[in-house]
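Worksheet: the structure to be examined is printed underneath.
Residue numbers (my numbering): -15 to 293.
Written out as C-alpha cells, the structure reads:
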C-alpha cells in the first residue's frame, strides 16, 4: 500500500499518559454568533447552528456557495464582495442578488484585514466592477436547473444528487411537492437526503426564497434538450463510479459520456456498481471498497472499449 493511502484511525486512548490535572473539554452549547442553541443529529459528530437563515456567517456562506463556479458561477462576485453586500444590508439571501441595481453598488467600500493578520485591504466597487457583477448575475439566469438545485444549498444535496433529482422530478414544482416516499424512489437518495429535502421545503422561508428565484427568471425545470440527450443505449443497465484524474476526459466529461450512452453514474461504490473507473489520485476508500466487494476497477482506455467510443 502506498504511504498516501494509509488512513490514520484512533483505536484507543492511553489514559496512563494523561496529565492528572487535565480537565474535560466543555463544549459550547450556543452559537457564538447568533446565540441559537447548537444541535447534533443522531449518529453525527458535528454540532451545528440550526439558524441557517438568520445566522450571519451562515447567510454569507450560503450566498458564497450559491455564486460558486459549480453552482451559479457568478465569478464577478466573491466571498469578500458577498460579505460587503451582506454587511451593508443589501442582501440577506441569494434571491436578493437579482434585485440589485447599479445605484445600490456604486461607491460601496470596505476595509478588511488579510488572513495572516497583516495589511488591511480595501474593497471598492467602481463602475467597471459593478457592471461585471450585474452582468454576471444576469448571465446566471441561464444556468441549468440541476445546478440551481445544487446552488440553493439543501443539506446533503451535492452536485451528483442534485443532478439525479433534477432528472428524476424534471422541475422544481414537482420536487417541492414530493413526499418522503416519492423522494426515496429517486436514484442516489436515501433516508438522510429524503428527510433533509422534506425539512427544507417544509420551511416557508426556504420556499419563499425559491419562489423569488423563480420570479427572477432562474431555470426551474429541465431543458428538453437535456432530457433527450441520450445518444445510445450501449451502457444501459450499467452503473459507474468515477474517481481520480484522467488524461483524455475530465471527470465531468466522463460522467456525461456515460449518461449519453444510457449508463448511470453513482457517487459511491456498492454491490450494484458495475465498474469503478479509476484515474490517477483515485480515492483509496473507493478502491478498497471495490476490491472488497468484487467490483471491477478499470481505467479510461478500458472504459472507451466498453462504451465502443
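Ideal Cβ positions, reconstructed from N, Cα and C, are used throughout, including at glycine. Please read all numbers here as calculations on a predicted model, not as lab measurements.
Using DSSP with H/G/I as helix, E/B as strand and the rest coil, what is residue i?
i	result
residue 161	helix
residue 82	helix
residue 155	strand
residue 2	coil
residue -9	coil
residue 183	helix
residue 250	strand
residue 17	coil
residue 145	helix
residue 167	helix
residue 219	coil
residue 23	strand
residue 7	coil
residue 281	strand
If you draw a straight line from the alpha carbon of residue i to that of residue j, how long is it in whole angstroms?
i	j	result
residue 20	residue 38	10 Å
residue 14	residue 71	23 Å
residue 88	residue 262	49 Å
residue -14	residue 231	Note that residue -14 has pLDDT 46, beneath the 50 cutoff, so the model's placement of it is unreliable and no number is given.
residue 281	residue 259	6 Å
residue 200	residue 139	23 Å
residue 94	residue 74	14 Å
residue 172	residue 92	44 Å
residue 159	residue 175	16 Å
residue 78	residue 5	49 Å
residue 112	residue 124	19 Å
residue 217	residue 242	10 Å
residue 237	residue 206	19 Å
residue 208	residue 128	11 Å
residue 297	residue 269	Outside the shown range of the chain (-15 to 293) lies residue 297, about which nothing can therefore be said.
residue 244	residue 59	29 Å
Report the option in the options whose CA atom is closest to the CA atom of residue i.
i	options	result
residue 155	30, 87, 22, 133	133
residue 84	57, 237, 114, 176	114
residue 219	198, 257, 232, 207	257
residue 221	248, 240, 232	248
residue 250	223, 0, 47	223
residue 234	157, 10, 284, 117	284
residue 30	12, 109, 192	12
residue 266	203, 225, 240	225
residue 18	24, 43, -3, 149	43
residue 52	268, 157, 121, 25	121
residue 82	204, 198, 214	198
residue 279	255, 32, 269	255
residue 189	288, 48, 119, 76	76
residue -9	292, 290, 178, 272	272
residue 104	227, 177, 64	64
residue 118	-6, 57, 49	57
residue 69	33, 143, 108, 147	108
residue 227	146, 141, 204, 274	274
Quick one: give me the first and last residue of the alpha helix (DSSP H) that residue i is part of.
i	result
residue 225	From DSSP, residue 225 is part of no alpha helix (DSSP H) but of the beta strand (DSSP E) over 223 to 227.
residue 234	No alpha helix (DSSP H) holds residue 234; DSSP gives it neither H nor E.
residue 48	40 to 51
residue 190	188 to 199
residue 268	268 to 277
residue 287	284 to 291
residue 63	63 to 71
Answer yes or no: does any C-beta atom of chain B fall closer than 8 Å to that of residue i?
i	result
residue 154	You won't find chain B in this structure, because it holds only one protein chain.
Hey, quick one: how far does the beta strand (DSSP E) through residue i stretch, first residue to last?
i	result
residue 262	259 to 262
Closer than 7 Å: is that where the CB of residue i sits relative to any heavy atom of the ligand NAP?
i	result
residue 148	Although the ligand NAP was asked about, the structure shown includes no ligands whatsoever.
Segments of 3+ residues assigned as beta strand (DSSP E) that fall wholly inside the stretch 88 to 142
List check, beta strand (DSSP E) in window: 93 to 97, 104 to 108.
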